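Numbering (UniProt numbering), first residue to last: 1 to 388.
The structure appears right after this line, and notes come after that.
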């Protein structure tokens with residue numbers, strides 16, 4: 001199927017190129033056609049018209065060198081390089097007219113060109129070509145407008161990246177230095193694995209977990225580890241990806257994201273940098289941001305609208321928890337608030353050992369000494385140091 005789809009895409013690409021080539025060739029042919037018609041009309045204006053009797057007399061006097069007989073029209077070329085036009089009677093042959101006048105047709109170069117079919121064809125083409133051009137032009141505009149319309153409606157589709165069970169290979173073994181946070185997230189993993197155990201106790205579905213802490217301390221890594229441990233689909237999106245120039249697009253993307261996650265339940269939705277859309281709403285005379293507030297309102301509705309049977313957990317991360325709206329932080333939406341802080345000495349040692357895997361470090365390297373000299377470093381800082 002993949003090959004067929006690929007072939008289909010290639011064929012479509014070639015088809016688009018042929019449309020452009022068609023328009024180019026079409027315009028060239030149209031230009032040449034009208035150029036030919038204009039040239040023939042100019043010839044009519046330049047060459048004088050003479051009667052057939054005058055032409056026969058001049059032929060008898062030996063003044064004519066060549067005659068082109070085109071249907072009923074005669075193009076007469078004289079020996080003095082002049083040109084004239086004449087018309088014979090319909091139904092009469094010019095050669096017979098010359099013989100009747102006592103002129104030998106063999107003394108004149110007579111070229112007979114039957115263009116009656118070609119003339120009618122040129123007239124048909126001249127009348128049909130502009131119509132075809134207009135139809136093709138409007139079809140092209142229709143296709144362009146349809147593509148633009150589809151792109152406008154695609155704004156409402158969520159931009160979340162889906163990681164399937166086979167793609168989320170990160171586990172808690174890959175996360176170090178945040179032992180307290182891991183302990184709090186173990187229950188989330190257990191719920192996603194064994195939801196029946198909690199339902200039996202009458203416990204409701206946890207709606208969300210908010211990871212708060214400085215940048216680079218492992219909030220995103222923890223969310224991936226939860227999905228990897230629970231073996232469930234993982235939808236990752238940044239808070240800023242909901243925002244768009246058009247008002248209402250963010251709310252539409254939220255609806256689409258949650259609808260997709262519900263179809264894949266049990267699943268995890270991870271919203272990174274949620275403070276981009278979850279900031280406290282303005283009150284009183286404070287200026288507001290309609291698009292951001294509509295997006296936040298839709299998130300509040302979606303998280304409050306979960307049925308108890310829906311196994312969808314929202315994990316959000318931010319390093320500015322103090323800016324978030326109080327309605328977003330209340331229990332029932334984000335039930336847990338997990339602090340992910342800078343690692344301590346033991347945490348830095350564990351992080352250094354994890355990131356040292358696969359690198360040719362000597363066995364004599366003292367990781368405890370490295371950890372003592374990197375006070376205040378986050379996990380991302382330590383990984384960067386070892387990479388450098």
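Built from N, CA and C at the ideal position, the CB exists for glycine as well.
In this text, all values refer to a predicted model and were calculated from it rather than measured experimentally.
Helix, strand or coil at residue i [DSSP, three-state]
i	result
residue 211	strand
residue 368	helix
residue 318	strand
residue 293	helix
residue 176	coil
residue 103	coil
residue 312	strand
residue 68	strand
residue 324	strand
residue 375	coil
residue 262	helix
residue 109	strand
residue 201	coil
residue 73	strand
residue 85	strand
residue 279	strand
Residues near residue i in its chain [Cβ-Cβ closer than 6 angstroms; skip 5 each side]
i	result
residue 210	316, 334, 337
residue 49	85
residue 95	105
Endpoints, the alpha helix (DSSP H) within which residue i is located
i	result
residue 381	379–387
residue 267	Here residue 267 belongs to no alpha helix (DSSP H); instead the beta strand (DSSP E) covers 267–272.
residue 55	52–60
residue 357	Element bounds for residue 357: n/a, residue is neither H nor E.
residue 222	219–230
Run of the beta strand (DSSP E) containing residue i, from where it starts to where it stops
i	result
residue 234	234–238
residue 337	336–339
Check whether residue i and residue j have beta carbons under 9 angstroms apart
i	j	result
residue 340	residue 213	yes
residue 312	residue 265	yes
residue 74	residue 88	yes
residue 385	residue 377	yes
residue 109	residue 57	no
residue 280	residue 326	yes
residue 295	residue 242	yes
residue 236	residue 220	yes
residue 181	residue 222	yes
residue 112	residue 69	yes
residue 297	residue 251	yes
residue 379	residue 218	yes
Inter-residue Cα distance where the pair is residue i and residue j
i	j	result
residue 388	residue 349	17 angstroms
residue 32	residue 256	54 angstroms
residue 216	residue 178	12 angstroms
residue 118	residue 29	Note that residue 118 scores a pLDDT of 49, beneath 50, so its modelled location is shaky; the value from the coordinates is reported in the next line. Their Cα atoms are separated by approximately 16 angstroms.
residue 231	residue 274	24 angstroms
residue 133	residue 24	12 angstroms
residue 368	residue 383	15 angstroms
residue 278	residue 191	26 angstroms
residue 15	residue 270	Bear in mind that the predicted position of residue 15 carries a pLDDT of just 42, short of 50, making it unreliable; the figure below should be weighed with that in mind. Distance between the alpha carbons of residue 15 and residue 270 is about 41 angstroms.
residue 200	residue 373	50 angstroms
residue 381	residue 331	33 angstroms
residue 172	residue 249	36 angstroms
residue 102	residue 61	11 angstroms
residue 342	residue 207	26 angstroms
residue 272	residue 329	15 angstroms
residue 197	residue 324	33 angstroms
residue 51	residue 131	39 angstroms
residue 229	residue 170	8 angstroms
residue 375	residue 262	43 angstroms
residue 362	residue 293	54 angstroms
residue 80	residue 54	17 angstroms
residue 186	residue 304	23 angstroms
residue 128	residue 136	12 angstroms
residue 107	residue 82	18 angstroms
Same chain, Cβ closer than 7 angstroms to residue i, five either side skipped, listed in chain order
i	result
residue 408	It is not possible to answer for residue 408, since the shown part of the chain is limited to 1 through 388.
residue 371	345, 348, 349, 352
residue 184	336, 338
residue 225	170, 171, 172, 174, 175
Cβ shell of residue i (< 8 angstroms), same chain only, five flanking positions each side left out
i	result
residue 78	58, 63, 64, 65, 84
residue 302	254, 255, 258
residue 99	105
residue 97	52, 56, 88
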